[in-house]
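**Student:** 106 is the number of the first residue of the sequence shown in our numbering; add one for each residue after it. Positions of the beta carbon are idealized from the N, C-alpha and C atoms, including for glycine. Input: one structure, supplied below.
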Amino acid sequence: MDSLNPDNPPLTVTPAPPRVWLFWGTALWGLFIFVAMFVGQIGAVVLLAALRGLPMDLASVQGIGHEPQALALSVIMGLPATLLAVWLAIAIKKASFVDYLALHWPSWKQLLFGAVGLILIVVVWETMSRALGREATPGFMTDLLKSGRDKGAALLLLFAFSVAAPMSEEILARGFLFRGWSASFLRVPGAILLSSLVWTVVHLQYDIYFLAEVFTIGLWFGYMRHRANSLWLTIALHAMNNLTAVVLTMWLGS
């Protein structure tokens, strides 16, 4: 037999490197993706300032950044920057973009189950807010959305918060981060927990109460991402949540 013949040693097969970034690779690339998203968002504001002939200083950027139209464009421009950075990270691993991010269509049952769970979570938090005498929506968001409605930026804000933001955030959190961390020593539970925490940190403009709500919703999104193996599902749930909040705030009260 060849395996016993010293002149013909058995062939050794070198295992192929895993086509997924593990813990530290995912963490570092995740930071890069977040920075790319931020640069895309700031770049939109800087471009608007340049088109208006304003000086390129912090005061000008902050002033424009508080305008509803500019903020909407900023959120929208964060999406292509995020996609490009994620594509680069996955391309280096020579992996499938679709499979890496689990861009698979969910079934109607999975969508319904995810929506029901999301509604229950939101209802619980809304009930707690009313019991504590708290506003259901952060005051600055209410002012921004109503100002945008009055200034003719309603549809732009609707697209930004209900399409662009959910896609950017889900691709980062439940797409890239969850994929790598769930394959590392964290496994699925740790990946759900840590990716939800990162997603919560992205929303530091809120107070601790709303951050707790964001974290809870993130845990549900992470569970549904694992259960259905579908990022499109969490994007749809995220979009549904944001769309409902924007519509209610803009047109049906605070």
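In chain order, what residues of the same chain have a beta carbon less than 6 Å from the beta carbon of ALA194, not counting five sequence neighbours either side?
**Tutor:** The residue you call residue 194 lines up with position 89 of the sequence shown. TRP134, listed in sequence order.
**Student:** Could you spell out where the alpha helix (DSSP H) holding GLU240 opens and where it closes?
**Tutor:** Residue numbering aside, residue 240 sits at position 135 when the sequence shown is read from its first letter. Taken as a continuous stretch (DSSP letters only), GLU240 belongs to no alpha helix (DSSP H), as it is neither H nor E.
**Student:** What is the C-beta distance between ALA259 and MET182, in whole angstroms, given that I count them as a contact (C-beta under 8 Å)?
**Tutor:** As a first step, residue 259 is located in the sequence shown; it is residue number 154 there, counting from the start. As a first step, residue 182 is located in the sequence shown; it is residue number 77 there, counting from the start. 19 Å between Cβ atoms; not a contact.
**Student:** Under three-state DSSP, which class holds SER312?
**Tutor:** Against the sequence shown, residue 312 aligns to sequence position 207. With the sequence shown as reference, residue 312 is identified as Asp, and Ser is not the correct amino acid for it. Looking at ASP312 - three-state DSSP - the assignment turns out to be coil, as it is neither helix nor strand.
**Student:** Is ALA141 near LEU176, with beta carbons less than 9 Å apart?
**Tutor:** Against the sequence shown, residue 141 aligns to sequence position 36. Against the sequence shown, residue 176 aligns to sequence position 71. No; because the gap between Cβ atoms is not below 9 Å, this pair is not in contact.
**Student:** Please report the distance separating the alpha-carbon of LEU342 from that of VAL166.
**Tutor:** The sequence position of residue 342 within the sequence shown is 237, counting from 1. The sequence position of residue 166 within the sequence shown is 61, counting from 1. The alpha-carbon atoms of LEU342 and VAL166 are separated by roughly 32 Å.
**Student:** Can you tell me whether TRP210 is buried or exposed, with buried defined as 16 or more other CB within 10 angstroms of its CB?
**Tutor:** For the purposes of this step, residue 210 is identified with residue 105 of the sequence shown, where counting begins at 1. Classification for TRP210: exposed.
**Student:** Under the rule that 16 or more other beta-carbon atoms within 10 Å means buried, what is GLU318, buried or exposed?
**Tutor:** In the sequence shown, residue 318 corresponds to position 213, counting from 1. Under this definition GLU318 is a buried residue.
**Student:** Give the secondary structure of THR119 by DSSP, where H, G and I count as helix, E and B as strand, and everything else as coil.
**Tutor:** Locating residue 119 in the sequence shown gives position 14, counting from the first residue. Residue placement at THR119 is poorly supported in this model, since its pLDDT is 47, which falls under 50; the coordinates still yield a value, given next. In this structure, THR119 counts as coil in the three-state DSSP scheme.
**Student:** When you compare each of VAL151, GLY170 and LEU208 to MET272 by their alpha carbons, which one comes out closest?
**Tutor:** As a first step, residue 272 must be located in the sequence shown, where it is residue number 167. For MET272, the nearest C-alpha among the options comes from LEU208.
**Student:** Please look up how many angstroms separate the CB atoms of GLY130 and GLY285, rounded, as I've assumed it's under 8 Å.
**Tutor:** Locating residue 130 in the sequence shown gives position 25, counting from the first residue. Locating residue 285 in the sequence shown gives position 180, counting from the first residue. That belief holds up - the Cβ atoms of GLY130 and GLY285 are roughly 7 Å apart, short of 8 Å.
**Student:** Does the stretch 263-281 come close enough to the stretch 342-353 that 3 or more CB-CB pairs lie under 8 Å?
**Tutor:** The stretch 342-353 is in contact with the stretch 263-281.
**Student:** For the structure I just gave you, are there three or more beta carbon pairs, one from the stretch 231-243 and one from the stretch 150-159, closer than 8 Å?
**Tutor:** They do not touch, by the three-pair rule.
**Student:** Apart from the five residues just before and just after LYS199, which ones in its own chain have a Cβ nearer than 7 Å to its Cβ?
**Tutor:** The residue labelled residue 199 in the question sits at position 94 within the sequence shown. Answer for LYS199: ARG124, listed in chain order.
**Student:** Just to confirm the assignment, what range does the alpha helix (DSSP H) spanning TRP126 have?
**Tutor:** In the sequence shown, residue 126 corresponds to position 21, counting from 1. Counting along the chain, TRP126 falls outside any alpha helix (DSSP H), and DSSP gives it neither H nor E.
**Student:** Return the residue from the list GLN174, PHE320 and GLY295 that minimises the CA-CA distance to LEU250.
**Tutor:** Start at 1 with the first residue of the sequence shown, and residue 250 comes out as number 145. The candidate whose alpha carbon is nearest that of LEU250 is GLN174.
**Student:** Using three-state DSSP, classify ASN334 as helix, strand or coil.
**Tutor:** On the sequence shown, position 229 is the one that residue 334 refers to. Correct three-state label for ASN334: coil.
**Student:** In this structure, how does DSSP classify LYS50 when only helix, strand and coil are distinguished?
**Tutor:** With the chain covering 106 to 359 only, the question about residue 50 has no answer from this structure.
**Student:** Tell me the rounded alpha-carbon separation between GLY257 and SER179.
**Tutor:** If you number the sequence shown from 1, residue 257 lands on position 152. If you number the sequence shown from 1, residue 179 lands on position 74. Going by the C-alpha atoms only, they are around 17 Å apart.
**Student:** Less than 7 Å between C-beta atoms, sequence neighbours within five positions excluded: which residues of the same chain meet that for PRO243?
**Tutor:** Your numbering for residue 243 matches position 138 in the sequence shown. Cβ within range, chain order: TYR311 and PHE315.
**Student:** Please state the DSSP three-state secondary structure of GLU172.
**Tutor:** By 1-based counting over the sequence shown, the position of residue 172 is 67. In this structure, GLU172 counts as coil in the three-state DSSP scheme.
**Student:** In the DSSP assignment, find the alpha helix (DSSP H) that holds ILE297 and state where it starts and stops.
**Tutor:** For the purposes of this step, residue 297 is identified with residue 192 of the sequence shown, where counting begins at 1. Element bounds for ILE297: 292-306.
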